[in-house]
Amino acid sequence: MTHPAIEPSSNLRKYESGNRVLQALIRRFHARMLDLVAPLGAKRVLDVGCGEGFFARALLDRFPGVELVGVDASEAAIAHASARCPEARFEVSRIEALRARGRFDLVVCSEVLEHLEDPAAGIANLADCTAGHALLTVPWEPWFQLANLARGKYLATLGNHPEHVQRWTRAGFERAVSGRFARVHSESMFPWTLFLGTPREP
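Right, dumping it as structure tokens:
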């Protein structure tokens, strides 16, 4: 019996794109994320919405010996991540199911929250998993949308990714997470916003 091929996710297409400018932006983005977490000395890391494991691979290469757990709602993405990072543990799970998990020195949630109908609930679950720090990233709007328009992507939605249901400026994202995270550092790096914080009690 044959099975239909699974169409690559938009995330996988992005990371495997032959667009050199896009690949340079991704490399710079990951390098900055790694620089932000380097001083934290995290030993146990939870990567929420890990996708196909591209950032997990970069983190494990930079910090060998880190215990990394990755979760994603997509079984196909988890299969890719497990093959890419055999020394880590990956599970199929949604951000909404994180409350029962143990607490981690570092929680990473990159390019996930903009997909959620209820981001406040997702942010609360991330805080509940965080013993030390959380690194959260989202598209930096409106520049992310305008960059899509400039490269001729998602024209029907004026450059807004069809899977994105939340759109934040940097200040707007800081407000969105401030109820559950105290800011340690935030910055905008085209076309993303990066926020490093520590959890607040609910």
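Just so we're aligned, residue 189 is where the sequence shown starts under my numbering, counting upward by one.
The C-beta atom is built at its ideal place from N, Cα and C for all residues, glycine as well.
- Beta-carbon spacing of Leu324, Phe361 below 9 Å: Yes, the pair counts as a contact, with Cβ atoms nearer than the cut-off.
- Within its chain, find whatever has a CB closer than 8 Å to the CB of Pro379; leave out the 5 residues flanking it on each side and keep chain order. So the qualifying residues of the chain are Leu213, Pro327, Trp328, Trp331, Phe332 and Ala335.
- Query: Tell me which same chain residues have a C-beta within less than 8 Å of the C-beta of His321, skipping the five on either side of it?
  - Reply: For His321, where only same-chain residues beyond five positions count, the Cβ hits under 8 Å are Val225, Leu228, Ala230, Asp293, Leu294, Val295, Val372, Leu384, Gly385 and Thr386.
- Message: Give me the residue from Ala219, Val365 and Ala312 with the minimum Cα distance to Phe251.
- Response: Residue Ala219 is the option with its Cα nearest to Phe251.
- Message: Given this structure, state the Cα-to-Cα distance separating Glu204 from Ala264, to the nearest angstrom.
- Response: Cα-Cα distance, rounded: 15 Å.
- Message: So for Ala344, helix, strand or coil by DSSP?
- Response: Note: Ala344 maps to helix in three-state DSSP.
- Message: Quick check on the burial criterion: 16 or more other C-beta atoms within 10 angstroms. Buried or exposed for Glu275?
- Response: Around the Cβ of Glu275, a 10 Å sphere holds fewer than 16 other Cβ atoms; the residue is exposed.
- For Phe383, which residues does DSSP report across the bridge? The partner list for Phe383 (beta bridge, DSSP) reads Leu324 and Ser374.
- Message: Quick check on DSSP: helix, strand or coil for Glu279?
- Response: Here Glu279 carries a strand assignment [DSSP, helix/strand/coil].
- Is the beta carbon of Ala261 sitting closer than 9 Å to the one on Gly241? No, the pair does not count as a contact, with Cβ atoms beyond the cut-off.
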